[in-house]
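Chains as they are written, first to last, in the working numbering: chain A, 1 to 317; chain B, 1001 to 1733.
A virtual CB, placed ideally from N, CA and C, is assigned to each residue, including glycine.
Just so we're clear, the structure is a prediction, and the values are computed from it rather than from any experiment.
Working notes for the structure below.
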Amino acid sequence: MKGWSECDKVDSSGGKRQRAKVKSGKFMCAMGFVVDSSDRFFFDSSEEKKAFTSVERKSVINMLIKRFKTILHLSIFFTFHFSLFTLLTSCNQTFEPFQENDRFYFTVYGFIDANADTQWVRVSPVRGELEAKDNIPEMQVTLTELETAKTIIMTPKLVQFRQGFNAVNVWTDEEIKTERQYRLRAVLPDGNESSSVITMPNEFPTPRIFIQRVPGVPTRYFIWIDGGVDKLADVQSRIYVRIRTQFWEDEQLFVFSHRNDADDLSGGKYTIEFFPNALLSSIEKQSLALQGPDATFEVLRHQFYIASGGPEWDENI
Amino acid sequence: MSLHAQQASIQGFITDHSNGNPLFGANVILTSADDETRRLGSAVESNGFYRIGNITPGTWFLQISFIGYSAHEDTLTFSPGESRSLSTSLSEDATMLDELVVARITGATRTIDGAQRITPAEIRRVPSPASGDLAAYIQTLPGVVTTGDRGGQVFIRGGSPSENMVLIDGALIYQPAHIVGFFSPIPGNLISGADFYAGGFSPKYTGRISSVMDVQLRHGNIYETSGSVSVSPFAGEVFAEGPIDRGTSSWIFSARNSFIDQTSKWYPIERQPLHFQSQFLKGSFIQNDTRCSGMILHTYDSGQMDFESEEEIRWRNFVVGTRCVALPADSGTLLTTNINLSRFSNSLGNVDPFGFNSSVMRFNLDMDIRQYAGEVRFEYGMYTRLKFLNYQLSEKFVGIDNASTSQYYAGGYVEATIPAANRFNIQPGVGLNYSGVFGVGIEPRLRLSWRPFRSENQEFSLSSGIYLQPVTGISDIRDVSSVFVAWMNSPLSDSQKRSIHTTAGWQQIFTNGLTWSVEAYYKEMSFLSIPVWNTLAEFTTDLALADGTVYGTDFRLELNRGLFYGLVSYGYNWTMYESAQDHFSIWFGEPVQSFHPPHDRRHQLNMLMSLELGKYTAGIRWQIGSGMPFTRPLGFDDVLDFRQRLPDVNRDRGTRRVIVDRPYKGRMPDIHRLDVSVERSFIISQSGSNINLQAGAINLYDQRNIFYYDVFTNRRIDQLTFAPYVTVKLEVK
Chain A
1 MKGWSECDKV DSSGGKRQRA KVKSGKFMCA MGFVVDSSDR FFFDSSEEKK AFTSVERKSV
61 INMLIKRFKT ILHLSIFFTF HFSLFTLLTS CNQTFEPFQE NDRFYFTVYG FIDANADTQW
121 VRVSPVRGEL EAKDNIPEMQ VTLTELETAK TIIMTPKLVQ FRQGFNAVNV WTDEEIKTER
181 QYRLRAVLPD GNESSSVITM PNEFPTPRIF IQRVPGVPTR YFIWIDGGVD KLADVQSRIY
241 VRIRTQFWED EQLFVFSHRN DADDLSGGKY TIEFFPNALL SSIEKQSLAL QGPDATFEVL
301 RHQFYIASGG PEWDENI
Chain B
1001 MSLHAQQASI QGFITDHSNG NPLFGANVIL TSADDETRRL GSAVESNGFY RIGNITPGTW
1061 FLQISFIGYS AHEDTLTFSP GESRSLSTSL SEDATMLDEL VVARITGATR TIDGAQRITP
1121 AEIRRVPSPA SGDLAAYIQT LPGVVTTGDR GGQVFIRGGS PSENMVLIDG ALIYQPAHIV
1181 GFFSPIPGNL ISGADFYAGG FSPKYTGRIS SVMDVQLRHG NIYETSGSVS VSPFAGEVFA
1241 EGPIDRGTSS WIFSARNSFI DQTSKWYPIE RQPLHFQSQF LKGSFIQNDT RCSGMILHTY
1301 DSGQMDFESE EEIRWRNFVV GTRCVALPAD SGTLLTTNIN LSRFSNSLGN VDPFGFNSSV
1361 MRFNLDMDIR QYAGEVRFEY GMYTRLKFLN YQLSEKFVGI DNASTSQYYA GGYVEATIPA
1421 ANRFNIQPGV GLNYSGVFGV GIEPRLRLSW RPFRSENQEF SLSSGIYLQP VTGISDIRDV
1481 SSVFVAWMNS PLSDSQKRSI HTTAGWQQIF TNGLTWSVEA YYKEMSFLSI PVWNTLAEFT
1541 TDLALADGTV YGTDFRLELN RGLFYGLVSY GYNWTMYESA QDHFSIWFGE PVQSFHPPHD
1601 RRHQLNMLMS LELGKYTAGI RWQIGSGMPF TRPLGFDDVL DFRQRLPDVN RDRGTRRVIV
1661 DRPYKGRMPD IHRLDVSVER SFIISQSGSN INLQAGAINL YDQRNIFYYD VFTNRRIDQL
1721 TFAPYVTVKL EVK
């Protein structure tokens, strides 16, 4: 009775939420058979056999229709997947990440220094690969004084850093005048170019620097810039150091910037407080890290370098 | 006296007699002794609870049934206003036929009260080496986007992973996935059921703005001890359960450990430097109307998203919690209390001197109460949370100090379910929260369902509400593979992250096993913190605020005919962020840019089929997703930094930079993949012990699917290639 008694149970329960399952149960009862795990039909009593006989033909037809539908569904599903499989295995989209560049041709870094003997500027054509090549690209870089239209062709030089990193700097030893405008222009062989106009600032007085120690701990000093610097571009401590190890000795330059520590007193005046021991400690750490624990160093000289920017200098950089 | 006061009600828990676990989906039917056509019914919820109200005093026949189990029948007499508790367990009927059992476990997925109810049987259908894992299953749902087969990042309807809430027995788990994307810390054999809300969820869930996955874990078997061991090239798993005090208390244990890092050396796939492990232990105490449990979960993952990079991501979850569900005798009140602690930490690279780490620890105490007034159901509760957030982000997000902060958070909610005219369910609710950082937040929500034909087989649903999130998980969205998350209070705004959801859906169930549903959604998100658009080939960036708009449609078609199950799901999604940043002005002349974030997969189609073929079970899953956005490079150069000092072009090398187009204007190629598996069990002892063999393959036709494009190194990183596997599982009873 197990098959039918289950149907009876399901039949009598009802209830909305069970409806889908109940209908499934009713369907099996009406069909007069259930399928066990071995895929055999079985009957539970002679009465039920009679009931089955009365609906046998219809039931078998319904069963066949049901099986046919199942097979049809499966066939459609498998055919669909097989078609997709065949289609997609031969389908691979190409991936070209680069967008055509018609906006940026060069990047230019550096500064023009009216007090320097030689002007150096980094000029890099925008490239399609990660690293710069170890040759000088085809380009021409000129520096034109706008007032006189005098144009200087700058000489390129390949700079090779450690680990195979390359860069191209251009240079000239032509005199640069204060309060003049210059145009730096870089041109590719196809005529595409980038340019930048530089306005040289006024000449400013040599800043006064107090090397006087301020009382207290830690040791500290003041740099006093007493006017004429409209836009403070940089304040650097340049410390020349001789480093010695067991096997060799070398002279090296360590540069520390104090620009971001400067207090603007208005009127082109600034004060900068600096801590020499902190700089020496940093030099010692770098020396030890680079040259090993037996390295010693000796300070040869300490320079201060102060730069004033032109009108386009962004003080909030 | 009102009519409602005279009506009676009955409630209780229905469990499996053999192990004490809830019989989710069982039917409780009352038939009037006076009029047999008069019936009242209810279905058992995922925690085993049921309730029938509005019972006219008198005599009723009770029947509790579940296919595959012997029914429980009784005759009950209700007096006016009586609130009766009746909990019972059903025994599995050993004489039941296999096909009926199959019919029980292969029921189509239903959406109830906006939640998609997920059963273990559904989870097991998805072919994967994890052999029935929530992580693999969730990827088949429309509206759910995963970025690849490693990292475990899940984006739901345009939301980011840190905006999803995943609860296990009421405790939050911050990173609910393992680093190998089809494994989660919650194996399928631990899951009793799960409620998944892709949006429009109840005010009961507060603290996240995108989605909720509320997972109920199984209790261990209170009568018998059993266990299993499984091994595959991807991972190994040990599982065991048994009684502590037979009939009243139990334990359950599971542990997983990955092997793929080792096996991939001799396995025919690229070496996979990925490792994960997890351990889980739960103890349960089960009485008629009370069940309390305590659990502890630990997970650890490590590995490289880019196999050629040495940068390693590591994360760890630790969750410990207790939960008590009680139905005080004849009170008609269901009480749920959770006390838990969740800790998550993750790090990227080496912390000192360059590297990033972040951790968050959350202590949570909450209580949910459910009561009835007539047919109106009231749910309300309160919670208190204390969070500790630590982050050390030197170099990654400039402008954020390394810090440790704490956040106290408390609140409550109330929601009513009001049936009307036997066709409507109206669910107004509101959540109220207070935090020391953000003050008071109010989250009004409304959900509504309409059954035009008075049948649950056709239902229209609607929801809308405001969702707030007090903590922010910052990820580097420039890199879609970025798994590292820094948890912090909203760093740029005095406001919590906020979203407004609106959803509208239709579900129709046919009696021949066919079900289809469609749901449209619209979301507005605000106060999102995202890294600024930046061109440097290093992770140094500030954060910016963004607003987001998302809309889309999820479609689902299921055919469930006895031994055959088929699912087609399609999700259309459109996500747009809008952000104002200084960089945009410099490069494009406009400070505000709109862009599709890198998880904006516009189209996604999933097909899943499982079939019982005699003693074999076959599963096929095919998925296709349209390409995701990426930022196209224009070229590369080297940048010299003027921010600290004037550079010296002859001494300073510079930093490589990528010059890029407007953000996320490119689209990566579409991805598609076919996964298959065949499974068979061999019984090896009379006690039912068996060996289960599963053979399958990931990416059967070896499609070259992109994982992401690294614009900083101009490299394409691909997903898993063709990977066959065999899983052997020994189950001992």
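Per-residue burial, residue i [other beta carbons within 10 Å of its own, 16 or more giving buried]
{"i": "residue 1212/B", "result": "buried"}
{"i": "residue 1012/B", "result": "buried"}
{"i": "residue 941/B", "result": "The question about residue 941/B has no answer, for chain B in this structure spans 1001 to 1733."}
{"i": "residue 1223/B", "result": "exposed"}
{"i": "residue 130/A", "result": "exposed"}
{"i": "residue 239/A", "result": "buried"}
{"i": "residue 65/A", "result": "exposed"}
{"i": "residue 1262/B", "result": "exposed"}
{"i": "residue 1089/B", "result": "buried"}
Chain A contact for residue i (CB, 8 Å cutoff)
{"i": "residue 1644/B", "result": "yes"}
{"i": "residue 1635/B", "result": "yes"}
{"i": "residue 1650/B", "result": "yes"}
{"i": "residue 1679/B", "result": "no"}
{"i": "residue 1296/B", "result": "no"}
{"i": "residue 1628/B", "result": "no"}
{"i": "residue 1706/B", "result": "yes"}
Residues near residue i by beta carbon distance below 6 Å, same chain, minus five either side
{"i": "residue 1522/B", "result": "1502 and 1551"}
{"i": "residue 1149/B", "result": "1181, 1719 and 1720"}
{"i": "residue 174/A", "result": "152"}
{"i": "residue 1666/B", "result": "1630 and 1632"}
{"i": "residue 214/A", "result": "220"}
{"i": "residue 1237/B", "result": "1230 and 1256"}
CB contact below 8 Å: residue i versus chain B
{"i": "residue 240/A", "result": "no"}
{"i": "residue 230/A", "result": "no"}
{"i": "residue 255/A", "result": "yes"}
{"i": "residue 18/A", "result": "Any reading at residue 18/A must be qualified, since the residue scores a pLDDT of 33, below 50, and its modelled position is unreliable; no value is offered."}
{"i": "residue 156/A", "result": "no"}
{"i": "residue 127/A", "result": "yes"}
{"i": "residue 114/A", "result": "no"}
{"i": "residue 130/A", "result": "yes"}
{"i": "residue 124/A", "result": "yes"}
{"i": "residue 187/A", "result": "no"}
{"i": "residue 259/A", "result": "yes"}
{"i": "residue 173/A", "result": "no"}
{"i": "residue 234/A", "result": "yes"}
Limits of the alpha helix (DSSP H) - the one that residue i falls within
{"i": "residue 1587/B", "result": "1582 to 1588"}
{"i": "residue 1544/B", "result": "Here residue 1544/B belongs to no alpha helix (DSSP H); instead the beta strand (DSSP E) covers 1543 to 1561."}
{"i": "residue 119/A", "result": "Where residue 119/A is concerned, there is no enclosing alpha helix (DSSP H), although the beta strand (DSSP E) it sits in stretches over 119 to 125."}
{"i": "residue 1262/B", "result": "1260 to 1263"}
{"i": "residue 1419/B", "result": "That residue, residue 1419/B, is in no alpha helix (DSSP H); its beta strand (DSSP E) goes 1403 to 1420."}
One or two residues paired with residue i in a DSSP bridge
{"i": "residue 1643/B", "result": "BP columns for residue 1643/B are empty, so no partner."}
{"i": "residue 1725/B", "result": "1696/B"}
{"i": "residue 1144/B", "result": "1156/B"}
{"i": "residue 1367/B", "result": "1337/B and 1382/B"}
{"i": "residue 109/A", "result": "122/A"}
Residue range of the beta strand (DSSP E) that includes residue i
{"i": "residue 157/A", "result": "155 to 160"}
{"i": "residue 291/A", "result": "Here residue 291/A belongs to no beta strand (DSSP E); instead the alpha helix (DSSP H) covers 276 to 291."}
{"i": "residue 1385/B", "result": "1376 to 1392"}
{"i": "residue 1679/B", "result": "1671 to 1683"}
{"i": "residue 1045/B", "result": "First-last for residue 1045/B: undefined, no H or E at that position."}
{"i": "residue 251/A", "result": "249 to 257"}
Same chain, Cβ closer than 7 Å to residue i, five either side skipped, listed in chain order
{"i": "residue 303/A", "result": "238"}
{"i": "residue 1441/B", "result": "1433, 1468 and 1496"}
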